[in-house]
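In what follows, a single structure is set out as structure tokens and then discussed.
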Amino acid sequence: MYDIIELSNKAMEELHRIAEALGIKKLESYAKNDLIYQILDVQAETGASAASDKNNPKIKTQVPKPAKDSKNVKETRPAEQKPAPAAKKAAEDKKPAEDKKPAEDKKVVEDKKAADAKKAADAKKAADAKKATDAKTAAEEKSVADGKPVAGAKPAEAKQAGGAKAEQKGLFEEETKPEATSAKPEADPEVKKAVRPRGRPRKTEEPEKKETKKEEESTGARQTGTHAGQPHQEPVAKKPEYEGVVKAIGVLEMMPDGYGFLRSSDYNYLNSPDDIYLSQQQIKMYGLKTGDTVSGEIRPPKENEKFFPLVKIHEINGRHPEFIRDRVPFDFLTPLFPDKKFDITSNNHNTLSNRVVDLFTPIGKGQRGLIVAQPKTGKTVLLQSLANAIADNNPEVYMIVLLIDERPEEVTDMARNVKAEVIASTFDESAERHVKVAGIVLEKAKRLVECGHDVVILLDSITRLARAFNTVQPASGKVLSGGVDANALQKPKRFFGAARNIENGGSLTILATALIDTGSKMDEVIFEEFKGTGNLELQLDRKLSNKRIFPAVDVTLSSTRREDLLMDKDKLNRLWILRNYLADMNSVEAMEFMKDRLVRTQDNDEFLITMNQ
């Protein structure tokens, strides 16, 4: 048997086939809902008559009994089954009475049967009268589709003539009267829920939390309500899934509790709304450390989450995650002297500044260089020129420009004119911020070197970085001249000393500016501490910049350690002859001589070849 929900979900063609099987005629005159109720009416009559003949043969009145295998009685029971509870109780009262009474009480049993039959007949009469009234009312509200009269019709004919409205009214409205009998309460509980008290206006109802579809062949749409006292629940729309749609990249910063966050370079690797959460399990699985550059897929945070979690890792430091597990820590890598020189004069970067630097202080991969500069000697412009030359001529290099305690306008100028990642902490920020930014940049560079990459850090300036470390350093009780704490320079030395050329690939090059002649004793002490740690020293002279001679390089004091590893022997011999010739000149005379000779040649090789001419 079909219920109203199954029939509502079927198409009109399937409903026509079901109606033909039940013997319903004039199918074209029914709308979809009318046809559904007509099918329910016919199959209910068929099922009720069969159940009555089988279960209660002695009672002549037609008392339908609901099928036990029906899943939802209140959806499939038509109006004719209203006296079913009374009839069922009568049958059930009779059955246990016959089983329990002894043989000598047969007369009492027969009296009981007669009383039960009378009750069932009275209930059937009341139901017939009520159904006739309902059918008459429904017929007045809606005209009969085929023109048959309603008055005096039988209950089944009245329902068929009245259409879907009368059938719908009587579908779930029943009146039950409590009977004080000794029989077991086996009446269907689903029927009792659908009782409508007398005097309450009739309403068209359907099963709770369900809506009928719009009529396909009628002009008006009809929407039915739910049971009284039960709120209607709209279907909850499924939220779209955005997992894996957005890809992100950041530098990992570990927390003391074991989890971490990917910091964005847009916020100088500090706390920001773009932070991405990494769980402890992910960090342990891939062997991640502070400074690792991780790229992967993220998803939006859920209800109780504050951050965007990383759901899938694609690359770590530009390598596959499997490669990262077997990497050697930075402290255990073998450092070597720089043996491969950076090309800084090709691709339209053959400027006078780059040629002088390349000739007297060649820069190799893994160089640890100090640019010693007095104020207003053009160190910032020189750094920009070197950065763009290295970036254009050495595409395998990852370059970072780190500006510590500098002016904000210089940060903007550097970010716009340099093809590198610019990380800055301006002078209006605290010393703690200077130290934190420098620390995470150094860790990032170390992780890249562990994976075999060549990294260049241009630091401006190491003097101000050392000042920041001295500010945040707890007092040890030992203070050097100039107010420098005895332990304050240990961390900036560790930063500067990280530059090295690694055996079997990878290098970290650091070119840092050191300020002198600023009138501060602390700056002099800091410079003296770093002076012997580097393997490249480029001196800038204030006398040259005052005469507007640029680059203001003191060529007699500028040099690179073990430059024989960076230049071939012939060029090195010619360079020694040049240095011997310039040794007797002061910085101004030497730079004017070099500037006059260099502008006559196209490159440094041509200059060295034609040096004696």
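So the number in this note's numbering is just where the residue sits in the sequence shown, counting from 1, plus 43.
Don't be surprised by glycine CBs; every beta carbon is placed ideally from N, CA and C.
Since I believe VAL484 is in contact with ALA467 (beta carbons under 8 Å), could you give me their beta-carbon distance rounded to a whole number of angstroms? Rounded, the Cβ-Cβ distance is 10 Å, inconsistent with contact.
Range covered by the alpha helix (DSSP H) that runs through ARG617: 612 to 625
Beta carbon of LYS334 nearer than 8 Å to that of LYS479: One point to set straight first is that residue 334 is Gly, not Lys, in the sequence displayed. Contact: no.
Does the separation of the CB atoms of VAL683 and LEU551 fall below 8 Å? No answer is possible for residue 683: it lies beyond the span of the chain, which begins at 44 and ends at 656.
If we call anything under 8 Å between Cβ atoms a contact, is LEU587 one with VAL631? yes
Quickly, what does DSSP pair THR404 with across the bridge? List them, please. According to DSSP, which records beta bridges pairwise, THR404 is partnered with nothing at all.
Would a C-beta distance cut-off of 8 Å place LEU65 and ILE82 closer than the cut-off? yes
Taking the beta strand (DSSP E) that PHE304 belongs to, which residues open and close that run? 303 to 306
Three or more C-beta pairs closer than 8 Å, one from the region 523 to 539 and one from the region 563 to 573: is that the case here? yes
Residues that DSSP places opposite TYR320 in a beta bridge: PHE304 and PRO352
Among all the DSSP beta bridges, which residues are the ones paired with GLU449? THR469
Can you list, in chain order, the stretches of the beta strand (DSSP E) that have 3 or more residues and sit fully within the region 497 to 572? 497 to 503, 543 to 545 and 550 to 558
Just reading off the alpha helix (DSSP H) that GLY732 is part of, what are its end residues? Residue 732 is absent from the model: the chain starts at 44 and stops at 656.
Using the beta-carbon count (16 or more within 10 Å), is SER473 buried or exposed? exposed
Under three-state DSSP, which class holds SER338? strand
Quick check on DSSP: helix, strand or coil for LEU600? coil
Just the C-alpha distance for ARG370 and PRO517, rounded to the nearest angstrom, thanks. 35 Å
Decide yes or no for the touch test of the region 407 to 417 against the region 536 to 549: beta carbon pairs closer than 8 Å, at least 3 of them. yes
How is ALA127 classed by DSSP in three states: helix, strand or coil? Its pLDDT being 44, under 50, ALA127 is placed unreliably in this model, and the value from its coordinates should be taken loosely. It is helical.
For LEU402 and ASN311, I'd like the C-alpha separation in whole angstroms. 35 Å
What are the boundary residues of the beta strand (DSSP E) that VAL415 is part of? 411 to 416
With three or more beta-carbon pairs closer than 8 Å as the criterion, would you say the region 588 to 602 touches the region 626 to 644? yes
Comparing C-alpha positions only, which one of GLY421, ARG459 and GLU452 sits nearest to ILE592? GLY421
Suppose you measure from the CA of VAL527 to the CA of ASP448; what does that come to, to the nearest Å? 18 Å
Would SER389 pass as a contact of ASN436 if the rule is Cβ separation under 8 Å? yes
With H, G and I counted as helix, E and B as strand and the rest as coil, what does DSSP make of TYR441? strand
Does ARG476 come out as helix, strand or coil in the three-state DSSP assignment? helix
Do TYR302 and ILE326 come within 8 Å of each other at the CB atom, strictly closer than that value? yes
If the criterion is Cβ atoms closer than 8 Å, does the pair ALA463 and ALA511 meet it? no
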